[in-house]
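Residue numbers (our numbering), protein chains in the order written: chain F, 558 to 798; chain X, 52 to 284.
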């Protein structure tokens, strides 16, 4: 926690320095500087109050205005505190790339935290996708661009996730599961052609299969009802009436 | 033959479109989460030097069931020994009804369950959370108690009341100057509004309500949030 709260306050919006030459910020007007400073202070207050989402928004806007490395550092720390390891790692990367003249102590901290955050990013490795096809891949509802690299790697944070891959004339491939911090999960993506034909046997099999699936689904649903309930994360649990 | 093809076509069409839906519906009918959980994370302050407070006694209940501040909550609670530094404690609040608020009180006592005579007037911190439960969703609230609410002067209360007889108390909202604090039953309450209850969205956001005022957890496409009980060291 101490580390998570170790936000930078002393470097309060030292304006975009030489190290930020590659950034989009030019010289700030007094109004812009004041606005960025207010956002920075609001972010720090949000951290003090434990309102991390507010802090993220404030720091993002402060950095967009000022390109001050302290704002980007604090943004990364807020992501880290929220368990958004991928965002935290990327923010630390931006910090060290866009601000080569970063204060040495800050850089050392950033490098250490960046390593820790990178090790916590979970990765879904999609194998056995033909390099010559471009399936439409959706992860937690977000489109994943497929540029032909195999295997397809999907980075995310710990938690429950779902993936759907679609290929024309094939049944969608669906994966659902839970990933832990730093877990690398390999998923074999298999596309099955949508069956065609007009055989009587197929009709019967389809009907029987449908009945079995529905019956099985109901039975499974009953069995799983208890399993489906949310589980408390803390051993200290209060059940409300 | 044409008729049979038509039947197969309809069956195949059913298999493609309705069968998965029926199966999922059947599964959902039996397998849906029917509870809701608020993961309440509270940072406890260090044991103050020279104070007799050695334990934090954490109680969580719903005002909808009569557990208002200022009344006896019984002896259901958790004890956390105070240490030389601040520490996080986490409580999972499980409910089956979406329309309840949650009260939390942390008493700072000499005896671990606040049963000592001297604990009758133990300093107390209070948190109110508005509408934190959504069926099938996990939500999060993190609050910090920066200091044990005992005092020598008003400034020791940190905006959570005025100093009276060594305790931080209030007689009106004007005494509670901390952000979001209100005065209830003689004590300042840290009030967490429904839009500050975290959950069900990823990405930066000012609050957790949509523009129409609905909480993101009320939306069908709500996203899960990852959670760490103890923020990283």
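Virtual Cβ for every residue (Gly too), placed ideally from N, Cα, C. Keep in mind the model is a prediction, meaning the values are calculated, not measured.
Check: Would DSSP call residue 675 of chain F helix, strand or coil?
Finding: Three-state DSSP puts residue 675 of chain F in a helix.
Check: Residues bridged to residue 804 of chain F by DSSP?
Finding: Given that chain F is displayed from residue 558 to residue 798, the structure contains no residue 804 of chain F and the question cannot be resolved.
Notebook entry, point to check: Given that residue 583 of chain F touches chain X, what residues does it touch there, using C-beta distances under 7 Å?
Noted result: Per Cβ cutoff of 7 Å: no residues; residue 583 of chain F is ~24 Å from chain X at best.
Item checked: Under 7 Å by beta carbon: chain F residues contacting residue 298 of chain X -> For chain X, the structure presents residues 52 to 284; residue 298 of chain X sits outside this window and is missing.
Next item on the list: For residue 219 of chain X, I'd like the list of residues in its chain whose CB is within less than 6 Å of its CB, leaving aside the five on either flank, ordered along the chain.
Entry: 200, 202, 208, 211, 212
Check: For a contact meaning CB atoms closer than 9 Å, what does residue 249 of chain X contact in chain F?
Finding: 608, 609, 610, 639
Check: Counting only beta-carbon atoms, is residue 627 of chain F nearer than 9 Å to chain X?
Finding: no
Margin query: So, under 8 Å CB-CB, residue 714 of chain F and residue 643 of chain F are touching, yes? Tell me the CB distance rounded to an integer number of Å.
Written below: 6 Å
Check: Between residue 122 of chain X and residue 144 of chain X, is the Cβ-Cβ spacing less than 9 Å?
Finding: no
Notebook entry, point to check: What residues match up with residue 735 of chain F in a beta bridge as DSSP calls it?
Noted result: F:717
Margin query: One question on the structure: do residue 159 of chain X and residue 116 of chain X come within less than 9 Å of each other, judged by their Cβ atoms?
Written below: Contact flag unset, no.
Next item on the list: Answer yes if the segment 716 to 732 of chain F comes into contact with the segment 740 to 754 of chain F, meaning at least three C-beta pairs across the two stretches below 8 Å, and no otherwise.
Entry: yes
Item checked: Short Cβ contact (9 Å threshold) for residue 692 of chain F with residue 705 of chain F -> no
Check: Name the residues in the segment 114 to 129 of chain X whose C-beta lies less than 7 Å from a C-beta of chain F; which are they?
Finding: 116, 129
Note to self: Can you find the residues in the same chain that come closer than 6 Å, C-beta to C-beta, to residue 93 of chain X, ignoring five residues on each side of it along the sequence?
What the structure shows: 140, 194
Checklist line | CB contact check: residue 259 of chain X to chain F, cutoff 9 Å | finding: yes
Checklist line | CB-CB length for residue 224 of chain X against residue 180 of chain X, believed under 8 Å | finding: Between residue 180 of chain X and residue 224 of chain X the Cβ distance is about 18 Å, and since that is not below 8 Å, they are no contact.
Margin query: Tell me whether the segment 623 to 633 of chain F and the segment 582 to 590 of chain F touch, counting them as touching only if at least three CB pairs, one residue from each stretch, are closer than 8 Å.
Written below: yes
Checklist line | Option nearest residue 187 of chain X by Cα separation, candidates X:134, X:162, X:120, X:267 | finding: In this structure, X:267 is the residue among X:134, X:162, X:120, X:267 with its C-alpha nearest to the C-alpha of residue 187 of chain X.
Notebook entry, point to check: If we count Cβ pairs, one from each stretch, closer than 8 Å, do we get three or more for the segment 628 to 642 of chain F versus the segment 659 to 674 of chain F?
Noted result: yes
Next item on the list: Pick out whichever of X:165, X:166, X:247 has its Cα sitting closest to the Cα of residue 89 of chain X.
Entry: X:247
Check: Which bits of chain X does residue 758 of chain F rub up against, with CB to CB less than 9 Å?
Finding: Counting only Cβ-Cβ distances below 9 Å, residue 758 of chain F has no contacts in chain X at all, with the closest Cβ about 10 Å away.
Check: Does the beta-carbon of residue 177 of chain X have 16 or more other beta-carbons within 10 angstroms, so that it is buried, or is it exposed?
Finding: buried
Margin query: Going by DSSP in three states, residue 132 of chain X sits in which element: helix, strand or coil?
Written below: Three-state result, residue 132 of chain X: strand.
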